[in-house]
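Going left to right, the sequence shown walks through residues 988 to 1524 as the numbering used here numbers them.
Report on the following structure.
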Amino acid sequence: MDVLKASPTIVYSPYIPTTTRNKSQFSKPIFHNLNLQLPCFTRNGSKSRLFTTLSSSPISTTESIEPPMPEVEAEVGKERFDWYSQWYPVMPVCDLDKRVPHGKKVLGLDLVVWWDKNENEWKVFDDTCPHRLAPLSEGRIDQWGRLQCVYHGWCFGGNGDCKIIPQAPVDGPPVHTFKKACVAVYPSVVQHDIVWVWPNADPQYKDIITKKKPPYIPVLDDPSFSKLMGNRDIPYGYEVLVENLMDPAHVPYAHYGLMRTRTPTVKVDREGGRPLDMKVKKLDINGFLGKQDWGSSNFIAPCIFHAFADVEVDQENGSATSSEIVKAPPPNRRLSLIFMCVPVSPGNSRLIWTFPRNFGVWIDKIVPRWIFHIGQNLILDSDLYLLHVEERKIMEIGATSWQKACFVPTKSDALVVGFRRWFNKYAGGEIDWKGKYSGALPPSPPREQLMDRYWSHVVNCKSCNTAHKGLKALEVILQITSVGLIGIVAVTKQNMISMVVKTTMVSMAIVCFAASKWLAHFIYKNFHYHDYNHAFV
């Protein structure tokens, strides 16, 4: 029950000031313009254990993970990370529709998230009707604000209690009041405009929010910062997702042409890779701190990776670059990168991201989110297949033998090794699925299905879903207009309209048809499937 005594996690954000930016900086999606090498994150201290600083110094402790590093093998210690005594982000509120229930999976648990208008709050239930185990997420919210299973009409209130069983006689026993007629309710809360869930429905955790809160990140509650959010289901596991976000060295290569990076003093290749001085400090069961020459980072176990970037402006093109901290920068320019990595099931995870900043905030008020998401999804796609395959290779050798198989001799891998050390030391090199899964990864789907954007993102993003429907409607309108104009020209007698008008109508029909074809390609490439071939970049 130690978890019940724990204090709320608070992240004190050491905002990094930046210099003045050129107005052209945000002409492209923010993920493209922020020339960041995805720095790392910061976390609050733990009162339960004395932190040990990790460094490459000869006098460092045995906890040091500076390369060259000892084998990262599964370690069994007194402290064991409890995956079911943590808060997990489920979805941003901006992407949840209050009119319908939403099915989500977290830590192997099937959940249904729905809006209880009677209590005016989001609820998280077990996504299983107690009657015949049908998914409640396929149901509806009835006119009285109850969650209704559409298989037989059973309805449930915000506390999981069954309100009505239509098949039960009115004058018969009140079977709907039986305990077995209730749905399991998971503790939930909205923080930072995100629905969080505690993955244990045991009644003793009903009021867990009074004893332990989700990690608090002050910048997400600061009204002077923008905080557009995005989410996507990822077809590789939690461990691979986390370590990839901690790895800035892959950015010039896996995301070449999508994210500009700092030009090294000595350029050894086209992409501009360079040595990175990175180190991990204060590694314990709650995560660790990271430090590099261009910022600081923090891994807040198990989900949050928070980076504070030191950013300066390239005066020639008005773009931001991750570089040395400039001399006497203005104190009011601040930027953070926040990633929330959710374990879903073996071989699957969910990413929620937001990049709070207090400059250029106006751009988020006039540019819809889906415009930013096009660029951000392309970046996710550009290394998605690599990581999907990599995970299978790691599984073949065994996650606890990761460093035996991987050669990580440079400091640029320090955070990745730090995460693997935390994962092996405190979690035994695996996520506790409570016996629900054998540990085997699902079969690899065809590439087009693997990199699908529609089901992994568009249907789960209110902005992209609305844009997709609108653009599809515009495509149909253009096609109808094209056919209609040709039809009018065809049925109209020659002497009724002049040749100029007829030529104009035919030209408009051709333009509308061409526009519809271009739009169809744009929709498919940005909302369904966009392959990425590194050989031709």
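Positions of the beta carbon are idealized from the N, C-alpha and C atoms, including for glycine.
Using CA coordinates, which residue listed in M1492, A1401, T1491 and W1442 is at the minimum distance from H1515?
-> W1442
Inter-residue spacing [alpha-carbon to alpha-carbon] between A1236 and R1119 = 51 Å
Looking only at C-alpha atoms, which of T1252, L1402 and V1354 sits nearest to E1230?
-> L1402
Could you spell out the range, first to last residue, of the alpha helix (DSSP H) harbouring V1493?
-> M1486 to F1514
Just how far apart, CA to CA, sit R1261 and W1074?
-> 37 Å
Would you mind listing the beta strand (DSSP E) stretches within the segment 1268-1292 that are 3+ residues and don't spill past its ends, in chain order?
-> 1274-1279 and 1282-1287
What separation, rounded to the nearest whole angstrom, lies between the Cα atoms of S1042 and W1070?
-> The pLDDT assigned to S1042 is 36, lower than 50, so where the model puts this residue is not dependable; a value taken from the coordinates is nonetheless given after this. Cα to Cα, the separation comes out at about 28 Å.
Beta carbon of S1283, beta carbon of F1292: below 8 Å?
-> no
Can the beta-carbon of V1080 be found less than 8 Å from the beta-carbon of V1177?
-> yes
Figure out for me which residue from P1205, D1400, Y1413 and R1440 has the closest Cα to the Cα of I1366.
-> R1440
Taking all protein chains shown into account, do 16 or more other C-beta atoms lie within 10 angstroms of the C-beta of E1435, making it buried, or fewer, making it exposed?
-> exposed
Please confirm whether G1159 and G1334 have their CB atoms less than 8 Å apart.
-> no
What do you reckon, are the CB atoms on C1448 and G1217 nearer than 8 Å?
-> yes
How many Å lie between P1117 and K1166 at the Cα?
-> 10 Å
Y1173 (DSSP reduced to helix, strand or coil) | Shown here, Y1173 sits in a strand according to DSSP, grouped into three states.
Same chain only: Cβ atoms within 6 Å of N1345, ignoring 5 sequence neighbours per side = S1211, F1212 and R1321
How big is the Cα-Cα spacing for P1045 and I1325?
-> Residue confidence is low: P1045 scores 34 on pLDDT, short of 50, so the model does not pin down where it sits. No coordinate-derived value is stated.
Coarse secondary structure for P1316, derived from DSSP in three states | Caution applies to P1316, whose pLDDT of 39 falls short of 50 and renders its modelled position unreliable; the model cannot decide the point.
Apart from the five residues on each side of it in sequence, which residues of its chain come closer than 6 Å, Cβ to Cβ, to R1067?
-> none
Where R1086 falls, given that 16 or more other Cβ within 10 Å makes a residue buried = exposed
Could you give the uninterrupted runs of the beta strand (DSSP E) lying entirely in the segment 1313-1367, keeping only those of 3 residues or more?
-> Taking only runs of at least 3 residues, the beta strand (DSSP E) segments lying wholly in the segment 1313-1367 are 1323-1332 and 1335-1341.
The segment 1381-1392 / the segment 1409-1421 touching (three or more Cβ pairs under 8 Å) = yes
Following the continuous beta strand (DSSP E) through Y1192, name the residue where it begins and the one where it ends.
-> Run containing Y1192: none; DSSP gives neither H nor E here.
Go ahead and pull the three-state DSSP assignment for Y1413.
-> helix
Continuous beta strand (DSSP E) stretch holding L1096: start and end = L1096 to D1103
Cα separation between L1371 and P1222?
-> Annotation: L1371 to P1222 spans about 8 Å, alpha carbon to alpha carbon.
Use the C-beta contact count for T1341: other C-beta atoms within 10 angstroms, 16 or more gives buried, fewer gives exposed.
-> buried
In the DSSP assignment, find the beta strand (DSSP E) that holds N1218 and state where it starts and stops.
-> It spans M1216 to I1221 - the beta strand (DSSP E) in which N1218 sits, taken as one unbroken run.
Have a look at the DSSP bridge pairing and note the partners of V1093.
-> L1096
Mind checking S1336: buried by the 16 CB within 10 Å criterion, or exposed?
-> buried
What residues match up with A1294 in a beta bridge as DSSP calls it?
-> DSSP lists S1284 and L1324 as partners of A1294.
Where does S1213 fall in DSSP's three states?
-> strand
Where A1507 and D1082 are concerned, what is the direct C-alpha to C-alpha distance, given to the nearest angstrom?
-> 25 Å
Ordered along the chain, which non-local residues of its own chain (more than five positions away) have a Cβ less than 6 Å from that of H1179?
-> L1207
Nearest-angstrom Cα distance between Q1130 and G1147?
-> 17 Å
So what does DSSP say about F1112, is it helix, strand or coil?
-> strand
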